[in-house]
Every structure is written in C-alpha cells, then in structure tokens.
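Enquirer: One structure follows; several queries about it will come next.
Protein chains: 2
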Amino acid sequence: MAVTIVHVAAKAGVSPSTVSRVISNDSRISQKTSRKVRKVMEELGYHPNTLAKSLVTKTTNNIGIVLPRPADELFQNQFFSEIIRGIVTKAASCGYDVLMTTGASPMEEVKAVERLVQGRNVDGIVLLSSHKDDTNISFLREKKFPFVLVGRSEDYSDITSVDNDNIAAAYSITRHLIQLGHRRIGFVSGPMELTVSKDRFDGYTKALLEAGIAIQDHYVFEGTFTPESAAHIADQLVKLEDRPTAVITIDDVLAFGIIRSLWNNGLRVPEDCSVVGFNNTSLAEMCLPQISTVDIGTYQMGQSTVQALIQHIKGDGFEQARIIIAHQLIWRDSVRPPEQS
Amino acid sequence: MAVTIVHVAAKAGVSPSTVSRVISNDSRISQKTSRKVRKVMEELGYHPNTLAKSLVTKTTNNIGIVLPRPADELFQNQFFSEIIRGIVTKAASCGYDVLMTTGASPMEEVKAVERLVQGRNVDGIVLLSSHKDDTNISFLREKKFPFVLVGRSEDYSDITSVDNDNIAAAYSITRHLIQLGHRRIGFVSGPMELTVSKDRFDGYTKALLEAGIAIQDHYVFEGTFTPESAAHIADQLVKLEDRPTAVITIDDVLAFGIIRSLWNNGLRVPEDCSVVGFNNTSLAEMCLPQISTVDIGTYQMGQSTVQALIQHIKGDGFEQARIIIAHQLIWRDSVRPPEQS
Numbered sequence: 001m002a003v004t005i006v007h008v009a010a011k012a013g014v015s016p017s018t019v020s021r022v023i024s025n026d027s028r029i030s031q032k033t034s035r036k037v038r039k040v041m042e043e044l045g046y047h048p049n050t051l052a053k054s055l056v057t058k059t060t061n062n063i064g065i066v067l068p069r070p071a072d073e074l075f076q077n078q079f080f081s082e083i084i085r086g087i088v089t090k091a092a093s094c095g096y097d098v099l100m101t102t103g104a105s106p107m108e109e110v111k112a113v114e115r116l117v118q119g120r121n122v123d124g125i126v127l128l129s130s131h132k133d134d135t136n137i138s139f140l141r142e143k144k145f146p147f148v149l150v151g152r153s154e155d156y157s158d159i160t161s162v163d164n165d166n167i168a169a170a171y172s173i174t175r176h177l178i179q180l181g182h183r184r185i186g187f188v189s190g191p192m193e194l195t196v197s198k199d200r201f202d203g204y205t206k207a208l209l210e211a212g213i214a215i216q217d218h219y220v221f222e223g224t225f226t227p228e229s230a231a232h233i234a235d236q237l238v239k240l241e242d243r244p245t246a247v248i249t250i251d252d253v254l255a256f257g258i259i260r261s262l263w264n265n266g267l268r269v270p271e272d273c274s275v276v277g278f279n280n281t282s283l284a285e286m287c288l289p290q291i292s293t294v295d296i297g298t299y300q301m302g303q304s305t306v307q308a309l310i311q312h313i314k315g316d317g318f319e320q321a322r323i324i325i326a327h328q329l330i331w332r333d334s335v336r337p338p339e340q341s
Numbered sequence: 001m002a003v004t005i006v007h008v009a010a011k012a013g014v015s016p017s018t019v020s021r022v023i024s025n026d027s028r029i030s031q032k033t034s035r036k037v038r039k040v041m042e043e044l045g046y047h048p049n050t051l052a053k054s055l056v057t058k059t060t061n062n063i064g065i066v067l068p069r070p071a072d073e074l075f076q077n078q079f080f081s082e083i084i085r086g087i088v089t090k091a092a093s094c095g096y097d098v099l100m101t102t103g104a105s106p107m108e109e110v111k112a113v114e115r116l117v118q119g120r121n122v123d124g125i126v127l128l129s130s131h132k133d134d135t136n137i138s139f140l141r142e143k144k145f146p147f148v149l150v151g152r153s154e155d156y157s158d159i160t161s162v163d164n165d166n167i168a169a170a171y172s173i174t175r176h177l178i179q180l181g182h183r184r185i186g187f188v189s190g191p192m193e194l195t196v197s198k199d200r201f202d203g204y205t206k207a208l209l210e211a212g213i214a215i216q217d218h219y220v221f222e223g224t225f226t227p228e229s230a231a232h233i234a235d236q237l238v239k240l241e242d243r244p245t246a247v248i249t250i251d252d253v254l255a256f257g258i259i260r261s262l263w264n265n266g267l268r269v270p271e272d273c274s275v276v277g278f279n280n281t282s283l284a285e286m287c288l289p290q291i292s293t294v295d296i297g298t299y300q301m302g303q304s305t306v307q308a309l310i311q312h313i314k315g316d317g318f319e320q321a322r323i324i325i326a327h328q329l330i331w332r333d334s335v336r337p338p339e340q341s
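For the protein sequence lines, the chains are A and B, in the order given.
Residue 169 in the numbering used here sits at position 169 of the first sequence, and the numbers go up by one each step.
Residue 122 in the numbering used here sits at position 122 of the second sequence, and the numbers go up by one each step.
Structure representation (structure tokens):
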C-alpha cells in the first residue's frame, strides 16, 4: 500500500493540511515542524505525488528532447550519445529528468514537440539540430516556451544556442593541410540542409580561396552520417584521376568509413591520402591509424545546454545568448604531407 | 494564450463537459458529436493537459530508464546507445515517451527509481543492468510496479527479463578458437559483479574444460568497458612469457582497445594474437582489422523490452517470462589459427 499524506500526518502528530503546507514550503509552518514532518516523510518513504504537485506548481522538472529523425541513424553516431550524456548527467545534478521522444516523420517530429509543450510534460526543450525554416523553432518562439538549440539557427539570432565556431574550425584544418603542401583537398559533408554542414563547408572554401586554390565541385561530396554513405563516397574518390591527396570529413564516422573503404581499394591512409574527421569521438583515437579530428567539446556542449535551459526556465535575469564552446584541433596519424609528384 | 476546453466547446457549439467526455471517450457521446469536437480540437491546436489527464487515468504514457552509474562511461559504449535506440523508437511507435534519469552514486540511483515510482512519473521501468542483491529489483517487485530487466537476474526467476544466452555464445566462440588450434586463450571481462560478465566467463570455462584445457588464472582479466582499461590489460598481456594466442573480450570496446594496445607494443592482430569482441557494434565492422564478434541483437532487445513492458503495464494476460534474443557469431579478420610453434 502506498504511503499517503495521512500516514505521515498521523506519525508526525500533525494534521494532514500541515503536512501539505510543509510540502509546499508554506511560510506559516515553523522550521521545527517542517523538520519533524520531513523526517517522518523520509522514514516512511513518502514522496509527494509529482503529478499532483506539477498541476499546482505548473512545473514538471523534466527537460524534453525530441530526437531528430531518423532516430535509427542517430544513436549510431557517438556525437549524439556524447551530447545526451552531457545533458542527462547535468540535468540529474540539477534535479531534472530528461524526457525523450521521437517521430517517424518530419510531421510527427513537429507534433511531438507540440505535444510536449501543450501537454505541459516538460519545462523546457532541447533541440538537437536545426535547418532552414525550422518549424520547431518558430513554434517554440511563438509560444515563448523555454528552449535551447544545439547548433546555430540561420533564421533567428534572438534565440539561445550552444554551438562551436564551425567555420573557424574547418578553416583551420584546411589551412593546416595547405601548409603541409596539399592542394587537392576533398570535402565530405553531411546533408547540406543542416547548418553544421554549411558552416564547415564555408570554412573549407574560405581557406582554399585565401590560398588561391579553386573550389572543385567534384571534390565535394554530400553524404549522411553512416559508414555506408562513407563507403559509397570513397568508391567515387578512388575512381578520380586527379584524386585528392587529403580529405576533410565533417564527422569521425565518415572519416572511419572513408579510411576503411580506401584500404579495401588498396589505398593507405595517410600514405596515399590524408583524412581528417570531426567531433573527436573516442573511436577516432582508438582506430588504426588514429584519426586527426576536431575536439568540439561535445560533453560540455550538453552540459552548457542544460545550464542555459534551466536559467531560461527559471527566468531569473535570463538573456538570450549564443554560447560558443571552444574547439581544439587534434593532429594524429591520419595526416601527413602529400607525396611529391 | 493557451487554448482551453472552453474555447473548444464554444467553437463546437457544445458544453465544456461534452468536450471533456469526448476526450475521455465517454460512451454517452455520439460518434457524430465526437467527430465534430475532435475536428475543432485539431483546428484550434488544443491538446488535453497531459498532467491533469494523468491524475485522472493514473497513467503517464512514460517509460522510465535509470541509467546505470557511472553514466559517464555509459554512453561511450555503443551497446547502451543501441539498446536505447531500440527502446526510444519502439516506445514512440506505441505512444510512449522515455524518461531518463541517473544518479551519481549507487544510493542516488536507488533513490531515483523510488522517486519515479512513488512520484508516479512513469508507468513502468526498464532496468539496464543487474547485479547480485539488486536493490532496485527487490524494491520494484515489492511495489508490484511494472518493470523489465535487460539481462538476467541471479536472484529472481519470477521477473520479466530480456537477455541473450550469454553462456552459449561465449561457449561457441571459445570452442571455435579451440577448433582453430588455439590452446592458450585469454579472457577479458567486465566487472565480475555484473551477471553478463559471469555468464560469458562461464561459457568460456565450459568450453575449455570440455576440451581438457586447464583454466589459467593469469589469462583472465577483469576490466571496465573503456579503452583505458583495455590498454592497461594489453600491457599485462604483452609481458606474459606464455602469451595467449587468442583473446576473448566481452565487449567490442575492450577488443578495440586490446588490438590498438597490442599494435602499439609491436604485436599484430590476428598474426600475433587473435581477438574476439562482443555485441557487434558498428565499429567492430569499421575498424582495421575488422573484429570478429557476437551479434546479440541489441536493437531488438530494446524493442522486445518495451513490448514486454507495455504488456506488463496494460496487464492484459501478462505473464512474467524470460525472453531470450538469438545471438549470432560474426567471424571477421581479427581471428586466425595460431602460428605453429
């Protein structure tokens, strides 16, 4: 049988309404009484019914995450598990749980956000990705519902986002490869509708143009964040007569896939082609060769996202802000100067 | 301003109590009225307040997961992200969200389960691991609260669990290595307090004893599921005079780490030592050499777990059962017969 407020009241020798006031931190209750009642609550293992409490306080202490579709690909990518690790850990340390849902289609994903907001299931929402004309962002802005975007919005500057300077990071990688002597540098992107893909591509082109190297369309590949996509791109790379001597990918999974597929085609990394990843997942370090990549502070991004969201929920002196997490280039074995030809 | 039941009633030309009856599927409401009201709800974007509804129906349509401590290591492991992928996807398709929380200590983890149950935040709970004398299992059993265990409980046979036959899987791997000619076979385990570690170790010893090979204590290593732990174990392996010619690990992350650390010590896989992983994460396939491993159907485990849990929650004809997901050995490049010596 569940312990109720009546059991607590009886054991503490007070009325049920006194117990109720203790739970709601009513100022009419003395410190002494409060302490006594809370002690009994603890002893009996009594927990106020969170649902009933939520209806009164209108808070849930839940943070919502709608996993971007397709959820199937999502968790295969260490970036997402790492950011969720940061989110869940930070949320728990602040007394929040994380409510996850997903939708099978873009339409369902939008419906899921609406449901979380309008059903008052969560106090705030984390958006894990953004694209142009993002329906979720415009809905949440309109409802003035607390949310934080992981990434950058191209459409709105007045929302809180947590992001890297992806243009600067991709620019630095490309510049370093040029300084090593590479002139034929490929770029393997995620879907170009994603802001993160565009920003990293912009950094790549900026460095090339600055060095007087023309952008070659056939050196630029658009894929998805899967090994299969990487293998498909590597097959195209191998067939090029003027094959790049270095390839920048915007994700370690893509880098992994490219390295393996080149190997299967008889090409070695870095001897025949240098490869750079992005995100510094633990497997970039574990693989052979170890992959040069960019540490984007994914775990910290998750933590900062929750911190900003909770400030937003609580509203005390909160200002919308774009939070930039520092990145760091990690040079490992998958990169070297090109063969002299 | 939020749309309320009053707005819906006004627009549909019915009373608020009629709208309320439509929402709760009251049989007194005609199909025609129901359709009309639901159309208006859709038009106005009205969502019944989930919290208020939960108080009446006493359901939340949430499934709870308490991430096993330390959450920090957890998401680095693809097994966990893969099972959560199965859980979240299946739950969403059945109209359930997934509520995640974690605790910084064993005590906090137990408190988190108590809070979810007694605060009525979830309708059922998934436990992602188990060990001997598991406080969470005994608490949930006592409360008769719906839960499903991923893995096997050593203490209780009357609970629903979703698991592989880990003894049989480890037995088959070991037997195959023996058939290839290996006699010196190492075993790299996770923490031995975990049932999964013990079961896989039992399969290993069973095959060795059956082949008349003595268990060598110095061939058995207990680690954690991290690359660092694997590196530490590989350092010990390398120093052995009678080094094993094959090593079975109970996780692909451990296999990755061992392969890399052997390589750093000048030893090649599989030429100098065969290595087998477990769980068939996508990176076992991507790494060089590709790792022989066991496909344990992780995604399907997540899906079956949710399916069983929802049956349990709904209670219709539900019987406690041990559900065994089939495993499959995947032989790849990291295994070969030992050098003749």
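Each residue gets a CB set at the ideal place from its N, CA and C atoms; glycine is no exception.
Note that this is a predicted model, so its numbers are computed, not measured.
Where does B/Asp316 sit, in a helix, a strand or coil, going by DSSP?
Expert: coil
Enquirer: Between which two residues does the alpha helix (DSSP H) harbouring A/Phe139 extend?
Expert: Where A/Phe139 is concerned, the enclosing alpha helix (DSSP H) stretches over Thr135 to Glu142.
Enquirer: When you check each C-beta in the region 89 to 110 of chain B against every C-beta of chain A, which residues fall closer than 9 Å?
Expert: Thr89, Ala91, Ala92, Ser93, Tyr96, Asp97, Val98, Leu99, Met100, Thr101, Thr102, Gly103, Ala104 and Glu108
Enquirer: Quick check on A/Pro337 - is its C-beta less than 8 Å from some C-beta in chain B?
Expert: Residue contact check for A/Pro337 against chain B: no CB pair falls below 8 Å.
Enquirer: Using a Cβ-Cβ cut-off of less than 8 Å, give me the residues of the region 275 to 303 of chain B that come near chain A, in sequence order.
Expert: Within the region 275 to 303 of chain B, the residues whose Cβ lies closer than 8 Å to some Cβ of chain A are Ser282, Leu283, Glu285, Met286, Cys287 and Leu288, listed in chain order.
Enquirer: Where do the N-terminal and C-terminal ends of the alpha helix (DSSP H) with A/Glu210 fall, by residue?
Expert: Thr195 to Glu210
Enquirer: Please name the residues in the region 141 to 165 of chain B whose beta-carbon is closer than 8 Å to at least one beta-carbon of chain A, in chain order.
Expert: Going along the region 141 to 165 of chain B in chain order, one finds no residue with a Cβ nearer than 8 Å to chain A.
Enquirer: On the three-state DSSP scale, how would you describe B/Arg115?
Expert: helix
Enquirer: Using a Cβ-Cβ cut-off of 6 Å (strictly less than) and excluding sequence neighbours within five positions of A/Gln328, which residues of its own chain qualify?
Expert: Asp295
Enquirer: Going by DSSP, which residues form a beta bridge with A/His131?
Expert: A/Leu194
Enquirer: Using the beta-carbon count (16 or more within 10 Å), is B/Arg152 buried or exposed?
Expert: buried
Enquirer: Distance check for A/Ser24 and A/Met1, CA to CA, integer angstroms please.
Expert: Annotation note: pLDDT 48 at A/Met1 (below 50); position unreliable, coordinate value reported separately. Those two C-alpha atoms are separated by around 24 Å.
Enquirer: By DSSP's criteria, B/Asn62 is part of a beta bridge. Which residues make up the other side?
Expert: B/Asp97
Enquirer: Using the rule of at least 16 other Cβ atoms within 10 Å of the residue's Cβ for burial, across every protein chain shown, is A/Lys90 buried or exposed?
Expert: buried
Enquirer: Within 8 Å (strictly less), CB to CB, does A/Val227 reach chain B?
Expert: Correcting the residue type first, residue 227 of chain A is Pro in the shown sequence and not Val. Closer than 8 Å: yes.
Enquirer: Count the other CB atoms, across all protein chains shown, that sit within 10 Å of the CB of B/Arg28; report buried if there are 16 or more and exposed otherwise.
Expert: By the 10 Å Cβ count, B/Arg28 comes out exposed.
Enquirer: Can you look up A/Ile167 in the DSSP assignment and give me helix, strand or coil?
Expert: Note: A/Ile167 maps to helix in three-state DSSP.
Enquirer: Could you give the distance in angstroms between the alpha-carbon of B/Trp312 and the alpha-carbon of B/His218?
Expert: It is worth fixing the name first, because residue 312 of chain B is His in this sequence and not Trp. Cα to Cα, the separation comes out at about 45 Å.
Enquirer: To the nearest angstrom, how far is it from the Cα of B/Asn136 to the Cα of B/Pro106?
Expert: 10 Å
Enquirer: Taking A/Phe79 as the query, report the chain B residues whose CB atoms sit under 7 Å from its CB, ordered along the chain.
Expert: Result: empty, since nearest Cβ-Cβ is about 11 Å, beyond 7 Å.
Enquirer: Return helix, strand or coil for A/Leu240, following the three-state DSSP convention.
Expert: Three-state result, A/Leu240: coil.
Enquirer: Using a Cβ-Cβ cutoff of less than 8 Å, which residues in the same chain neighbour B/Leu177 once the five nearest sequence positions on both sides are dropped?
Expert: Ile185, Ala246, Ile248, Ser274, Val276 and Val335
Enquirer: Determine, for A/Met1, whether the minimum Cβ-Cβ distance to residues of chain B falls below 8 Å.
Expert: The pLDDT assigned to A/Met1 is 48, lower than 50, so where the model puts this residue is not dependable; a value taken from the coordinates is nonetheless given after this. Chain B contact via Cβ: absent.
Enquirer: Using a C-beta to C-beta distance shorter than 8 Å, which residues of chain E count as neighbours of A/Trp263?
Expert: Of the protein chains in the structure, A and B, none is chain E.
Enquirer: Just how far apart, CA to CA, sit A/Glu193 and A/Lys132?
Expert: 7 Å
Enquirer: Name, please, each residue of chain B whose Cβ falls closer than 7 Å to the Cβ of A/His218.
Expert: For A/His218, none of the residues of chain B pass the 7 Å Cβ criterion, the least Cβ distance being about 26 Å.
Enquirer: By alpha-carbon positions, which one of A/Thr224, A/Glu142 and A/Arg85 ends up nearest to B/Met100?
Expert: Looking at the Cα atoms, A/Arg85 is the closest of the given residues.
Enquirer: Work out the CA separation of B/Leu44 and B/Lys32 for me, nearest whole Å.
Expert: 19 Å
Enquirer: Please state whether the Cβ-Cβ distance between B/Ala230 and B/Ile258 is less than 8 Å.
Expert: yes
Enquirer: Any beta-carbon of chain A closer than 8 Å to the one on B/Glu43?
Expert: no
Enquirer: Am I right that A/Val126 and A/Val148 are in contact with their C-beta atoms under 8 Å? What's the rounded C-beta distance?
Expert: The Cβ separation is near 6 Å, so the contact holds.
Enquirer: Quick one, which residues of the region 114 to 134 of chain A are near chain B if we go by CB-CB under 9 Å, in chain order?
Expert: Listed by position, the residues of the region 114 to 134 of chain A near chain B (Cβ gap below 9 Å) are Glu114, Arg115, Leu116, Val117, Gln118, Gly119, Arg120 and Asn121.
Enquirer: What do you get for A/Lys198, buried or exposed, if any count of 16 or more other CB atoms within 10 angstroms of its CB means buried?
Expert: Buried, because 16 or more other Cβ atoms sit within 10 Å of the Cβ of A/Lys198.
Enquirer: Please classify A/Ala234 as buried or exposed, where buried requires at least 16 neighbouring CB atoms within 10 angstroms.
Expert: buried
Enquirer: Starting from the Cα of A/Lys227, find the closest Cα among B/Ile213, B/Met286 and B/Gln236 and give me that residue.
Expert: For clarity, residue 227 of chain A is Pro in the given sequence; the question names Lys instead. Ranked by how close their Cα comes to the Cα of A/Pro227, the residues B/Ile213, B/Met286 and B/Gln236 have B/Met286 in first place.
Enquirer: Please list the partners that A/Asn136 has in chain B, where partner means a Cβ-to-Cβ separation under 8 Å.
Expert: Chain B residues near A/Asn136: none, gap ~15 Å exceeds 8 Å.
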